[in-house]
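**Student:**
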Amino acid sequence: MHCGLVLILFTGIFLIVSAFKNDKCGDNIRISSANYLTSPGYPVSYYPSQKCTWVITAPGPNQRILINFNPHFDLEDRECKYDYLEVRDGVDESGQLVGKYCGKIAPSPVVSAGNQLFIKFVSDYETHGAGFLHPIPRSSKT
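According to mature numbering (1 follows the signal peptide of the UniProt record, and there is no 0), the residues represented by the sequence shown are -19 to -1, 1 to 123, in order.
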């Protein structure tokens, strides 16, 4: 299995970690232990009629989150209308849109403006791909 990397910027120090899988549909994740964020069912087809939201929080208020998606990215590609992954700065849908992603090409790296990212995955009732995976790092002890 190919793994993308997620790095957290710790005042100039990059942290790279290994992780375990968690395909829970939605959660609040404080970056303190290694974890994978996946579409439900990954790496096989994701489930129909899903709306999953995650809030990822870096350990410190001045830390930013950098996400590098796994190259195995597969969401139905119809102009990101029916199945998509949306990333926003902050804790909810009112945050600044970082990107809305679909299709079979992994998105470019995503960097948060602050220490939190809101991620929403939506699927309709038909035509499903393999989904997405990206690791969530664990924090370093400082």
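No residue lacks a Cβ here, since even glycine has one placed at the ideal position from N, Cα and C.
1. Identify every residue that forms a DSSP beta bridge with N9.
2. Using the three-state DSSP reduction, which class does I86 fall into: helix, strand or coil?
3. So, at 6 Å on beta carbons, what are the nonlocal neighbours of N9 in its own chain, with the 5 sequence-adjacent residues on each side left out?
4. So, using beta-carbon positions, are L66 and Y82 closer together than 8 Å?
5. With a threshold of 8 Å, are at least 3 pairs of Cβ atoms found where one atom belongs to the stretch 84 to 103 and the other to the stretch 53 to 65?
6. Is K62 helix, strand or coil by DSSP?
7. Applying the criterion that 16 or more other CB atoms from any shown protein chain within 10 Å of the CB defines a buried residue, is N43 buried or exposed?
8. Identify the residues that DSSP records as bridge partners of Q97: which are they?
9. Just to confirm my understanding: we take V79, look at its own chain, exclude 5 residues before and 5 after, and list those with CB closer than 7 Å. What are they?
10. Closer than 7 Å: is that where the CB of Q44 sits relative to any heavy atom of the ligand HEM?
**Tutor:** The short version:
1. DSSP output for N9 lists V36 as bridge partner(s).
2. Coil.
3. Around N9: V36.
4. yes
5. yes
6. coil
7. So N43 ends up on the exposed side.
8. T38
9. V68, R69, D70, V91
10. Questions concerning the ligand HEM fall outside what the structure shown contains, since it holds no ligand whatsoever.
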